[in-house]
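Residue numbers are given in numbering that gives the first Met the number 0: position 295 of the sequence shown equals residue 294, and the series is strictly consecutive.
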Amino acid sequence: MSAHTSAVEANFDGLVGPTHNYSGLSFGNIASAKNHGVVANPKLAALQGLKKMKALADMGFVQGVLPPQERPCMNTLRALGFAGSDGDVIRAAVRSSPLVYSSALSASSMWSANAATVSPGANTADGRVHFTPANLNNKFHRSIEHEQTSRTLRAIFCDQTYFAHHAALSGCPQFGDEGAANHTRFCHRYGERGVEFFVYGASGFNMAASRPLKFPARQTLEASQAIARLHGLEARQVVFAQQNPQVIDAGVFHNDVIAVGNGNVLFCHESAFVGQQSVLAEIADKLGGDFTAVQVSTDEVSIDDAVKSYLFNSQLLTRADGAMLLLVPEECRSNERVWAYLQKLLVQNTPIREVLVMDLRESMRNGGGPACLRLRVELNEQQLAAVNPATLINDALYSRLNVWVEKHYRDRLSETELADPSLLDECRTALDELTQILALGSVYPFQLAR
Ligand code: SUG
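As structure tokens, then:
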């Protein structure tokens, strides 16, 4: 048996934070706009996420958890000039700048596919796993995540023998970066060198090049190129492709809303990329052949149905027997056309042999499906042993986290309740306890200031 065979693809899911709500903050994300003002249930949201983590852990996948962030983010509000006691800051922000306040309150770090871009050691020049936190600069509420994300990732993947951490790219629009939502790693076997596929919405510098007209292109080509350089990837292992600007305008704000890949398989819509057939040929060539693209036609599933159901925001997982499992959100089952397509897919001759449905409604209403909720980290045996073990889901951690959510989370957050200054204390108390459960040490500003 080769030393490579024991490498795994671990999923680190973002645990939904206690301030989860619907503030309509993400222009271009149709669910976020549509559900603005709906009463949220943070407790249910967190429990739904935990259930997904447990389901994957029970099936034998390595499953980790990334903690939520301090919200409202007091550093953000203070840096914008709100002053006085914490209560004064919150009340002044609510009164004078409600949108700024909503942004500082968002639990959006739950979508950990946007936390960072991760390159496995098999691909990088120094053999370490490389992490670049995403600057998420297209949306203010997301641009405030990366500093905490960086501290958290360093606390979980702390051994520099195995893990390299970069700073987020420059926060200017030319380097807009949305992390792993626009990045896919292909390989024949985990632990072996493969291809990294970077999908961008537009060039950040060449404004004459094609771009969406209605909604923003969040990821730039130049950001993707910078990450490939930082991670020490060779040109012959990297493929850059432009996302079809028309589908961005139809609500596909990240590549993972129209494509998901794993191993040597890509599951995508036929109109996902500009020049799709040559993009697929380049991936196959750089991978050294044996690459399967399962492309779904518009006749089978329209872009509108793909955006509504989040069919492509599924998790494509390799089972122990080598077959692939597609974990889809409940919305795929309730959409007749998408469900009919999935039944058909299962009897076709593709590597996808199983469909598993999970209820993630609370996250879905903000445009976050199964794939948005997880950050994939491919790890060989030594690297896995170096991960903070207290962050890996097992029966004991799952029940502790359930108890923790039941104790600290509200089951209702309406627009008026969002302005309650006591949410900050509730959040800090919960996070303080969580850092102990996950053995993270002090990672939050309120802890570091003590
Ligand atoms: O960035 N929604 C997130 C959803 C992120 C989904 N992630 C991936 N596709 N990988 C976003 O648009 C909505 C928050 C609000 O409106 O309250 C939000 O941030």
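In this text, a Cβ means the ideal position worked out from N, Cα and C, and glycines have one as well.
Should Lys-406 be labelled buried (16 or more other beta-carbon atoms within 10 Å of its own) or exposed? Counting from one through the sequence shown, the residue named residue 406 turns up at place 407. Counting every other CB atom within 10 Å of its CB across the protein chains shown gives Lys-406 a total below 16, marking it as exposed.
Smallest Cα separation from Gly-452: which of Ala-44, Gly-321, Gly-200, Asp-57? Limits of the chain in this structure are 0 at one end and 449 at the other, which puts residue 452 out of reach.
May I ask you to list the residues that DSSP assigns as paired with Val-346? Walking along the sequence shown from the start, residue 346 turns up at place 347. In the DSSP output, where bridge partners are listed per residue, Val-346 has none listed.
Indicate whether Ser-102 and Glu-144 have their beta-carbon atoms separated by less than 8 Å. Counted from its first residue, the sequence shown places residue 102 at position 103. Counted from its first residue, the sequence shown places residue 144 at position 145. Not closer than 8 Å, so no.
Mind checking Gly-440: buried by the 16 CB within 10 Å criterion, or exposed? In the sequence shown, the residue the question calls residue 440 occupies position 441. Result: exposed.
Identify, in the order they occur along the chain, each residue of the same chain with its Cβ nearer than 6 Å to the Cβ of Asn-34, setting aside the five sequence neighbours on each side. Your numbering for residue 34 matches position 35 in the sequence shown. Only Tyr-21, Arg-364 meet the Cβ criterion.
With which residues is Ile-351 paired in a DSSP beta bridge? Counting from one through the sequence shown, the residue named residue 351 turns up at place 352. Looking at the DSSP assignment, Ile-351 forms a beta bridge with Met-323.
Let me check you understand the geometry: is the CB of Asp-12 closer than 7 Å to at least one non-hydrogen atom of ligand 1? Locating residue 12 in the sequence shown gives position 13, where the first residue counts as 1. Asp-12: no, Cβ never under 7 Å from ligand 1.
Between the Cα of Leu-49 and those of Thr-151, Ala-167, Gly-13, spot the shortest distance and give me the residue it belongs to. Taking the first residue of the sequence shown as 1, we reach residue 49 at position 50. Nearest option by C-alpha distance: Gly-13.
Whose C-beta lies closer than 7 Å to the C-beta of Leu-344 among residues of the same chain, with five residues either side of it excluded? On the sequence shown, position 345 is the one that residue 344 refers to. Non-local C-beta neighbours of Leu-344 in its own chain, meaning closer than 7 Å and more than five positions away in sequence, comprise Ile-351, ordered along the chain.
Indicate the three-state DSSP secondary structure (helix, strand or coil) for Ala-166 in the structure shown. As a working mapping, residue 166 is identified with position 167 in the sequence shown. Look at Ala-166 here: in three-state DSSP terms it is coil, with no helix or strand label.
Reduced DSSP category for Cys-331 - H, G, I as helix; E, B as strand; rest coil: Residue 331 sits at position 332 when you count from the first residue of the sequence shown. Of the three classes helix, strand and coil, the one that applies to Cys-331 here is helix, per DSSP.
For the region 316-336 against the region 361-379, are there 3 or more C-beta pairs whose distance is under 8 Å? By the Cβ test, the region 316-336 is in contact with the region 361-379, since at least three Cβ pairs between them sit closer than 8 Å.
Have a look at Ile-29 and Ala-249 and give me their C-alpha separation to the nearest angstrom. Within the sequence shown, numbered from 1, the residue matching residue 29 stands at position 30. Within the sequence shown, numbered from 1, the residue matching residue 249 stands at position 250. Looking at the two C-alpha atoms, the distance is approximately 9 Å.
Mind checking Ala-448: buried by the 16 CB within 10 Å criterion, or exposed? Against the sequence shown, residue 448 aligns to sequence position 449. Flag for Ala-448 reads exposed.
Cβ-heavy atom distance between Asn-136 and ligand 1 below 7 Å? Translated into the one-based positions of the sequence shown, residue 136 becomes position 137. Outside the cutoff, so no.
Distance between Ser-25 and Phe-139 (C-alpha atoms, nearest Å): Here residue 139 refers to the residue found at position 140 of the sequence shown. Here residue 25 refers to the residue found at position 26 of the sequence shown. Rounded to whole angstroms, the separation of the alpha carbons of Ser-25 and Phe-139 is 9 Å.
Can the beta-carbon of Arg-192 be found less than 8 Å from the beta-carbon of Gln-224? Numbered from its first residue, the sequence shown carries residue 192 at position 193. Numbered from its first residue, the sequence shown carries residue 224 at position 225. Between Arg-192 and Gln-224, the C-beta gap is not smaller than 8 Å, which leaves the two residues out of contact.
Distance, Cα to Cα, Ser-421 vs Pro-17? The residue given as residue 421 occupies position 422 in the sequence shown. The residue given as residue 17 occupies position 18 in the sequence shown. About 12 Å.
Could you tell me the alpha carbon to alpha carbon distance between Arg-70 and Leu-104, rounded to whole angstroms? Your numbering for residue 70 matches position 71 in the sequence shown. Your numbering for residue 104 matches position 105 in the sequence shown. Whole-angstrom Cα-Cα distance: 5 Å.
Using a 10 Å radius around the Cβ and a threshold of 16 neighbouring Cβ atoms, would you call Lys-213 buried or exposed? What you label residue 213 is simply residue 214 of the sequence shown in a count that begins at 1. So Lys-213 ends up on the exposed side.
On the three-pair Cβ rule with 8 Å, is the region 410-419 touching the region 168-181? Touching, no, given that fewer than three Cβ pairs across the two stretches are closer than 8 Å.
For Lys-130 versus Gly-63, is the C-beta spacing smaller than 8 Å? Here residue 130 refers to the residue found at position 131 when the sequence shown is read from its first residue. Here residue 63 refers to the residue found at position 64 when the sequence shown is read from its first residue. A small correction: the amino acid at residue 130 is Phe; Lys does not occupy that position in the sequence shown. For Phe-130 and Gly-63, no; Cβs fall outside 8 Å.
Does the distance from the C-beta atom of Phe-290 to that of Asn-254 stay below 8 Å? Stepping through the sequence shown from its first residue, residue 290 is reached at position 291. Stepping through the sequence shown from its first residue, residue 254 is reached at position 255. Result no, Cβ atoms of Phe-290 and Asn-254 do not sit closer than 8 Å.
Flag Val-38 as yes when its Cβ comes closer than 7 Å to any non-hydrogen atom of ligand 1, and as no otherwise. The residue given as residue 38 occupies position 39 in the sequence shown. Proximity of the beta carbon of Val-38 to ligand 1 is not indicated: no heavy atom of the ligand is located closer than 7 Å.
Span of the beta strand (DSSP E) around Gly-13: Along the sequence shown, read from residue 1 onward, the residue named residue 13 stands at position 14. Its beta strand (DSSP E) spans residues 7-13.
Quick check: the region 386-398 against the region 425-443, are there 3 or more CB pairs under 8 Å? When C-beta atoms of the region 386-398 are compared with those of the region 425-443, three or more pairs fall below 8 Å, so the two segments count as touching.
Could you spell out the range, first to last residue, of the beta strand (DSSP E) harbouring Gln-294? Start at 1 with the first residue of the sequence shown, and residue 294 comes out as number 295. Run containing Gln-294: 291-295, per the beta strand (DSSP E) assignment.
Tell me whether Tyr-21, by its Cβ, gets closer than 7 Å to a heavy atom of ligand 1. Position 22 of the sequence shown, counting from 1, holds the residue named residue 21. Indeed, a heavy atom of ligand 1 lies less than 7 Å from the Cβ.
Specify the secondary structure class of Ser-105 as computed by DSSP and reduced to three states. As a first step, residue 105 is located in the sequence shown; it is residue number 106 there, counting from the start. If DSSP states are grouped into helix, strand and coil, Ser-105 belongs with coil.
Provide the residue span of the alpha helix (DSSP H) that contains Leu-359, from first to last. Here residue 359 corresponds to residue number 360 of the sequence shown, with the count starting at 1. Boundaries for Leu-359: no alpha helix (DSSP H) harbours it, and the DSSP string shows neither H nor E there.
Quick one: is Gly-333 buried, meaning 16 or more other Cβ sit within 10 Å of its Cβ, or exposed? One-based indexing of the sequence shown puts residue 333 at position 334. At residue 333 the sequence reads Ser, which differs from the Gly that was named. An exposed status is given to Ser-333, since fewer than 16 other beta-carbon atoms sit within 10 Å of its beta-carbon.
Sorted by chain position, which residues of the same chain lie with C-beta nearer than 6 Å to Ala-124's C-beta, five sequence neighbours on each side aside? Stepping through the sequence shown from its first residue, residue 124 is reached at position 125. Same-chain partners within the cutoff: Gly-231.
Applying the criterion that 16 or more other CB atoms from any shown protein chain within 10 Å of the CB defines a buried residue, is Phe-196 buried or exposed? For this step, residue 196 is matched to residue 197 along the sequence shown. Looking at its Cβ environment, which holds 16 or more other Cβ atoms inside 10 Å, Phe-196 is buried.
On the DSSP bridge list, what partners appear for Pro-97? Start at 1 with the first residue of the sequence shown, and residue 97 comes out as number 98. Paired residues: none, contrary to the question.
State the Cα-Cα distance for the pair Val-300 and Ser-270, rounded to the nearest angstrom. Here residue 300 corresponds to residue number 301 of the sequence shown, with the count starting at 1. Here residue 270 corresponds to residue number 271 of the sequence shown, with the count starting at 1. Val-300 and Ser-270: Cα-Cα distance of roughly 11 Å.
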